[in-house]
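Residue numbers (UniProt numbering): 1 to 310.
Glycine is no exception: its CB is placed at the ideal position from the N, C-alpha and C atoms.
Quick notes on the structure that follows.
Rendered as structure tokens:
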């Protein structure tokens, strides 16, 4: 009897041992599966990262190729013109030499302006760009640019509105260049009036340039800021770098430029950080008798006439 009990205990012990081994084996198998899944997820994430980096590199390479093609194409035009006119002068075929001399000078100036734009684009897009930052009255700066273009384009209506001064910390030369490019773009694309406003909203200080042109084509919102992009034929005479430079200047100031289609035309918003936070600046303006210049909500779109929709 005792031997039978002892045998049963041994059998039970063996069964328990086998069960424990089975559990441990199952646990180890499950752990291996979990580890394998984790490794697969890690490998998948690494692969996605490699793909994303490859796409980025290809995009950069394509952009460089496009920019190189753009530079070659646009530099060839004035250079070819200078060579052709010079040859006509050398061969004695120019009936009015002075007019040919003036034309050479004009093409040379166009070439110099294009090279200046290329140099400026490379500078503002550099991660190590250095700005001469000072406290600037943005309203006064923009008003000056508007006045300059009113003199240059006496046949165009360029409205300007700002109910209070807006202060930013910025590089005056660069911001004037960005504002000039935005306004020049609006004038080139708008047969009617152009409206410029300076104000504050939830994003910070905002310069808005609104035109009544054809607007931005579908899917072209970001293309507008690509170097060399000209869009409509109206701007075919430009370097195609103006908006790219303007956005580069904005981003160098920790700001940005956005474009919004309207019922007619479009609005470009150049957004910059305020010298002080919006609430403090609005409070100071109110204390100084300027009054509020709007709420700290997202801006309402302007109509083509510059009147806020009701």
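Spell out the partners DSSP gives residue 210 in its beta bridges.
-> For residue 210, which the question treats as bridged, DSSP gives the partners 195 and 267.
Looking only at C-alpha atoms, which of 248, 272, 270 and 266 sits nearest to residue 127?
-> With distances taken between Cα atoms, residue 127 lies closest to 248.
Any C-beta of chain D under 8 Å from that of residue 146 | Annotation note: the requested chain D is absent from the structure, which comprises a single protein chain.
Straight-line CA distance for residue 108 to residue 193?
-> Distance between the alpha carbons of residue 108 and residue 193 is about 32 Å.
Assigned secondary structure, residue 259 (DSSP; H/G/I helix, E/B strand, else coil) = Three-state result, residue 259: strand.
Three-way DSSP call (helix, strand, coil) for residue 204 in this model = Here DSSP, grouped into helix, strand and coil, assigns residue 204 to strand.
With residue 244 and residue 226 assumed to form a contact (beta carbons below 8 Å), what rounded beta-carbon distance in angstroms separates them?
-> Right, the Cβ-Cβ distance comes to about 7 Å (below 8 Å), so this counts as a contact.
For residue 186, name the three-state secondary structure that DSSP assigns.
-> It is helical.
Between the C-alpha atoms of residue 184 and residue 87, what's the straight-line distance to the nearest angstrom?
-> Cα-Cα distance, rounded: 34 Å.
Hey, how far is the Cα of residue 151 from the Cα of residue 191?
-> Rounded to the nearest angstrom, the gap between the Cα atoms of residue 151 and residue 191 is 17 Å.
Using 8 Å as the threshold, is the stretch 127-144 in touch with the stretch 191-210, meaning 3 or more CB pairs across them?
-> Segments in contact, yes.
Inter-residue Cα distance where the pair is residue 143 and residue 98 = Distance between the alpha carbons of residue 143 and residue 98 is about 39 Å.
Within its chain, find whatever has a CB closer than 8 Å to the CB of residue 159; leave out the 5 residues flanking it on each side and keep chain order.
-> Same-chain partners within the cutoff: 193, 194, 195, 196 and 306.
Consult DSSP for residue 272 and reduce its assignment to one of helix, strand or coil.
-> Residue 272: strand per DSSP, three-state reduction.
Check residue 156 in the structure and name its three-state DSSP category.
-> Residue 156: coil per DSSP, three-state reduction.
With a CB to CB cut of under 7 Å and the five nearest residues on each side skipped, what residues in its chain are close to residue 103?
-> Answer for residue 103: 85, listed in chain order.
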